[in-house]
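Here this note's numbering runs 528 ahead of the position in the sequence shown, where the first position is 1. Below is one structure; the comments refer to it alone.
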Amino acid sequence: MTQRLSRNDLPSLSPNDEHELCEVLRRSLSSVTGEQKSAEKTLLEIEKRNGYLSLLMQIIVNTNVDMDVRYLSSICFKNTVDKYWRPNMDFSISQEEKEYLKQGLLNILLTNTDVVLFNSQFVTQLALATSKISRIDYPSRWTNLISSIGNCIVASTNENIRNRCLVVLKHFVKEQAVRTNLDEGKKAFKQFSSDITPFICQLWFYYANKIYQSGSNIDDLEYKNCLICTRIIWRVAVMGLSAIDKNTTLMEFLTSLLDFISKFYSVRQNMLLSQNTNLELFHKITTLISSFIKVPLRIQAKHSIGFRKHLLSYSMLFSQIMFECDPKAPTTDYKILFRVLTFLKQITDCQHYDESGSPEAKEAFDIIHHQFYTDQVLQNFISCLITKYLTNSPTDLEKWDEDPEEFVKEQELDWSDTTKAASEYFYLAIMGTFENRIAKFVIQFTEKVLNETYGSLEQDKLLLRDSCYSAIGWASYNLYNDIQFSQWYIHMLRKELLPTESFAMDKRYNIIRRKCMWLLGRWVEKFDNLVRKDILSTLVTILINSEDLVMKLTSLITLKIVLSEDTELRAEDFAEFLQPFMSALVQLLDKVEQEDTKLSLLSLICTVVEKMENNILPYCETLVKILPVFWNSVGDSTLVKTQVIAALSKIVKLLEHNSVILYDFLLPLIQYSTDIDQDEHLYFIEEGLDLWHITMQYAPEPTQGLLSLFPNIVKIFDHTLEYVMPNLRLIESYVLLGKSQFLSAYGPQLGSIFLNVLCNTKPKAMYLCSTVIETIFTEFPVEASINFARPVKKMIEIFLNNEEKSDVLTGFLCVFSRLVFFSKNVLYEIFDAILKEGTLREIYMNDHHNGNNNNNNNTSTTTTTTTTTPNAMSVGGVGSSSGQSGAGISAGIGGGHMLLATTKPPPQTQHELLLRFIDAWTDLSDSIVSPFHRKYSTLALLSFYPSTDSEILQRFSTILAISIQVLYDIDEQNELAKRLTGEDEQLSSSTLSPQSPPGTIVTKNEYDRKRQSARNDSLLHMDFYSYLGSKLSEMAQTLGVTEFNAFLQQKVDAVLLAKLHEFEKKSRQHSQH
């Protein structure tokens, strides 16, 4: 374990160093950059020394030091405490100094009367330092902290000291509440909360009552202390108390709190009525009310059942405040209304108030649903919300003209911290909870208001009409069964959107038309064939003809909602509107400026392309024009440019092979976004690589433009391996698309890339690299063996040294299979190079690799293994593709001898290396999961025969057992081969090439190219049983029939021979049929 660095290893500071430290602190405040940096560096060095914090505390209380230096000392003190107080930190503060500092802090907080230390900034820093210490030391190592602070608050006659102690207590509570995720901290804080509640509630009552009695002369410190007590109470109640209804003190406090909210609210209302000009007093009263309301809001959210005794009283008071306030009036406080509305929303849809729950839950349910929310109260709330709270303000309309894009953004986004948003949430809570009781009233009320405001251009009536449509839109889910949307659209909404009467064509009426478009997006699930096409036509008409940017943008937003959410909308329904829609979109791009707007338009383009499918093809030329305009219009905004690249990926994927029409813009963009020589490449490279890969996947042919992009990949690999996975996938796409043209141009670079990946990356990347190399070997088995001998050599070294996990090594086997089957001469050349360089280590091998008669195929390095009965092996092997079946069959060879692990030195000859290679291969064969990869592997192993080499012959029985397992999987291999080649699909005439050999696929994308590659793969289509049979015949001819049969009888288990004869018999019968 590394020894921690200690302060004792550094020279300590003494009280005599105060002047020097003051000078360093003063220089750190200098406006001269060099001097400031030098001083900061010095502070970082000396903060690790004993006595540093003690000196800072000495400077904080020194009245002869400049105030700025003293304040900086308090900041440094707090930061150093936070950094080094924990005992397990390097340079942690000594226990002796800690005790001195804690006592010093208490002395400052409880007794120091220096006016500077009553400054709120100083108090905050000292309080934060105290709370950070308490998080670690309280209660076990600072037992007197809270008692000392509490006694001071009670005993002190100095209100400044009281305020300072309360600030410390506030930060202490906040810090301790964070520890409630730890059992010890949670228990300590619960005990503290229970103990402190009576004291802090009594103190709050003292201050609240004194403020109320003081009239217009509210003392600043008493006002601040009252606010602090309020905050401490709700934090303690929410985070520290378990059952508030059993805490008599807190319940009495909530009763008193309700009374004071009502009193102070009356004072505030009277000040408004009397037009009292004491703004400071008005502000203090408002802040107190807002702070008081936060207490029941937080407590009800945490202790919804425990709060039930106060539900009715608080709900009635808060509903009174809501009804009396005008949310648009300048004197209305946002926080008061927001918290009142949020409280009402919380009690309305609280899931804990359940008539089928506990007795307490039933009681709360009855209070809310029957005692508070009578039908008349529900109707009053709905009418109040629609007429006062859901309406836009005149200020909103001013923004419409001043900044249309900002207006649309604010209207569409969910600003959850506004009074209007809180009103909408409260309205939705009422509709969701009381739908059966209130839905018909909502329809009747809005219909009445819509009739009363029809034809008027007065702003108040327009805003009221707008609010009615908002109410119907927000409550769409709750009104689906009560409104016949199609008829309502035909007889009312359409007339609002495309008016014929003069008043409705007035510019001022656009607020109604905009809200009706928004409403369509809320009712999209109710569209039917009667109105769907007309709605699309109406929205496109407004998009084209309106001169108002807000109207254009709103129509686009609604169109996007319709296209993405109307599940019954067909591409043909919108096809006839595509041309005017795309033209209008191009024109709109020149008018918008905000990034959010441009991103919204980009998202709309993606939605249209996705929805219209092939119908978009005639308009791809317009797309080609739009996208460069988008890119050029955003200037230096990397965010929007990144989204443009991401959107292009979606568009290319949707256009598939037709994406070639975008190449004039697409290929330079890929070149730019993936060029690491560009300063901005860090912003774009991930999205750029994704776009590049998708473009390659859907490229119908290898154009020169695509091939010319590849040097970017080479540069990326030369610079970093961070993007190795997407780059390897890109290389595979290039191999499949470019084939010999690509390999002849970039073959040498590929070899270096593969070698770099194999030497310097993690297993996941190495495995992917092996699959890419296998793809090359599949396409060019002979050429690949020669051109990529260096990376294959590295793979063999890793394989034989067993340096990676089995899944990586089995990936290597796929490459080795093709190398061995098609180019053994290259394999032997690689062996010679490995022997020459001496890169192999000694390994642990089982005794059957040392020439013993035990040929168990076991990859484990443990010293023993158990065998299985022949019957169990037979059952386990039939039709199974799992590794276990192979283990069972291999275990049947050699009679179940014990395996002994032995050390084997590195091979010295090509023959020894070949034997080690075959042994490692057979050991790993059972780990090959894919049936056809297992087939390739076994074909390659069989290709080493016939042989007269005695040691190679000894391994034949193991390979024969693996071969029988492959025969069990033959049906699964055939089915998988059909899927790989596409032969299991009903190929259309457009899929097959009329001018190519039979079965050749027209390769329009990478999926087609992979199928064609599979069709050309000779190993995939090779008849395994025939090949095995030919190898057995060749062995018999080489060794002699008698000798070979004797060899089989001696080396191969009788059960496996019986299985082999069984397959032979089935094959003969199949041939006869």
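C-beta: ideal position from N, C-alpha, C; glycine also.
#1: If you drop the 5 nearest sequence neighbours on each side, which residues of the same chain put their C-beta closer than 7 angstroms to that of T1397?
#2: With distances taken between CB atoms, is the gap from P855 to T947 smaller than 9 angstroms?
#3: Give the DSSP-derived three-state secondary structure of K1119 in the structure shown.
#4: Using 9 angstroms as the threshold, is the C-beta distance between L638 and C604 below it?
#5: Roughly how many whole angstroms lie between the Cα atoms of Y1103 and V1059?
#6: Count the other C-beta atoms from every protein chain shown that fall within 10 angstroms of the C-beta of K715, then say buried if there are 16 or more, exposed otherwise.
#7: With distances taken Cα to Cα, identify the nearest neighbour of R692 among V643, E712, Q704 and I813.
#8: When the Cα of S1453 is compared with those of T685, L1442, A1468 and I1173, which residue comes out closest?
#9: For L1007 and R707, I'd like the C-alpha separation in whole angstroms.
#10: Could you check the C-alpha separation between A892 and T870 for me, to the nearest Å?
#11: Beta-carbon within less than 8 angstroms of V1310's beta-carbon, same chain only, minus the 5 sequence neighbours each way: which residues are those?
#12: What is the rounded straight-line gap between the Cα of S1558 and the Cα of L1548?
#13: In the DSSP assignment, find the unbroken alpha helix (DSSP H) run with N1006 in it and report its ends.
#14: For a quick check, are the C-beta atoms of C1342 and H1209 less than 9 angstroms apart?
#15: Taking all protein chains shown into account, do 16 or more other C-beta atoms lie within 10 angstroms of the C-beta of H1019, making it buried, or fewer, making it exposed?
#16: Would you mind reading off the limits of the alpha helix (DSSP H) that contains W670?
#17: Are the CB atoms of T1299 and R1346 within a distance shorter than 9 angstroms?
#18: Under the assumption that L629 contacts L581 (Cβ atoms under 8 angstroms), give the Cβ distance between them as a whole number of angstroms.
#19: If we ignore side chains and look at the alpha-carbon of each, how far apart do V1403 and S1491 end up?
#20: Can you tell me the Cβ-Cβ gap for V1078 and G1049, rounded? I've got them flagged as a contact below 8 angstroms.
#21: Would R826 pass as a contact of T814 if the rule is Cβ separation under 9 angstroms?
#22: Could you say which of C729, V651, N1038 and L801 lies nearest to V823 if we only look at CA atoms?
#23: Could you check which residue in K1043, Y881 and H898 has the C-alpha nearest to that of F935?
#24: Note the first and the last residue of the continuous alpha helix (DSSP H) segment covering G778.
#25: When you compare each of I1456, D748, K1126 and E1479 to L1442 by their alpha carbons, which one comes out closest?
#26: Quick one: using the 10 Å Cβ neighbour count with 16 as the cut-off for buried, is Q1493 buried or exposed?
#27: Assign R1098 to one of two classes, buried (16 or more other C-beta atoms within 10 Å of its C-beta) or exposed (fewer than that).
#28: Considering just the uninterrupted stretch of the alpha helix (DSSP H) at R965, what are its terminal residues?
#29: May I have the straight-line CA-CA distance separating L1234 from F1193, to the nearest angstrom?
#30: Could you check if N1288 is buried or exposed, using at least 16 other CB atoms within 10 Å of its CB as the buried criterion?
#31: Quick check: does the Cβ of A1293 come within less than 8 angstroms of any heavy atom belonging to the ligand PLP?
#32: I believe N1533 touches Y1226 by the beta-carbon criterion, under 8 angstroms. Please report the beta-carbon distance rounded to the nearest angstrom.
#33: Quick one, which of K1139, I1259, S1272 and V1263 has its alpha-carbon nearest V1285's?
#34: Could you round the C-beta distance between V597 and L553 to whole angstroms and report it? I think they count as a contact, below 8 angstroms.
#35: So, do the segment 973-985 and the segment 958-965 have three or more beta carbon pairs nearer to each other than 8 angstroms?
Reading it off the structure:
#1: In this prediction, T1397 scores a pLDDT of 30, lower than 50, which makes its location untrustworthy; no coordinate-derived value is stated.
#2: yes
#3: Here K1119 carries a coil assignment [DSSP, helix/strand/coil].
#4: No.
#5: The sequence shown places Ala at residue 1103, rather than the Tyr named in the question. Their Cα atoms are separated by approximately 16 angstroms.
#6: exposed
#7: V643
#8: Residue A1468 holds the alpha-carbon nearest to the alpha-carbon of S1453 among T685, L1442, A1468 and I1173.
#9: Roughly 47 angstroms between the two C-alpha positions.
#10: 18 angstroms
#11: F1350 and S1351
#12: 18 angstroms
#13: S1004 to L1007
#14: no
#15: Classification of H1019: exposed, given that the 10 Å Cβ count is below 16.
#16: Element bounds for W670: n/a, residue is neither H nor E.
#17: no
#18: 6 angstroms
#19: Its pLDDT being 26, under 50, V1403 is placed unreliably in this model, and the value from its coordinates should be taken loosely. Cα to Cα, V1403 sits roughly 16 angstroms from S1491.
#20: Between G1049 and V1078 the Cβ distance is about 15 angstroms, and since that is not below 8 angstroms, they are no contact.
#21: No. Outside cutoff.
#22: C729
#23: K1043
#24: For clarity, residue 778 is Leu in the given sequence; the question names Gly instead. Residues T776 to L801.
#25: E1479
#26: Around the beta carbon of Q1493, 16 or more other beta carbons lie within 10 angstroms, which makes this residue buried.
#27: exposed
#28: E963 to T981
#29: 12 angstroms
#30: Around the C-beta of N1288, fewer than 16 other C-beta atoms lie within 10 Å, and the residue is accordingly described as exposed.
#31: This structure does not include the ligand PLP; it has no bound ligands of any sort.
#32: 5 angstroms
#33: I1259
#34: Contact flag correct, Cβ pair sits at about 5 angstroms.
#35: no
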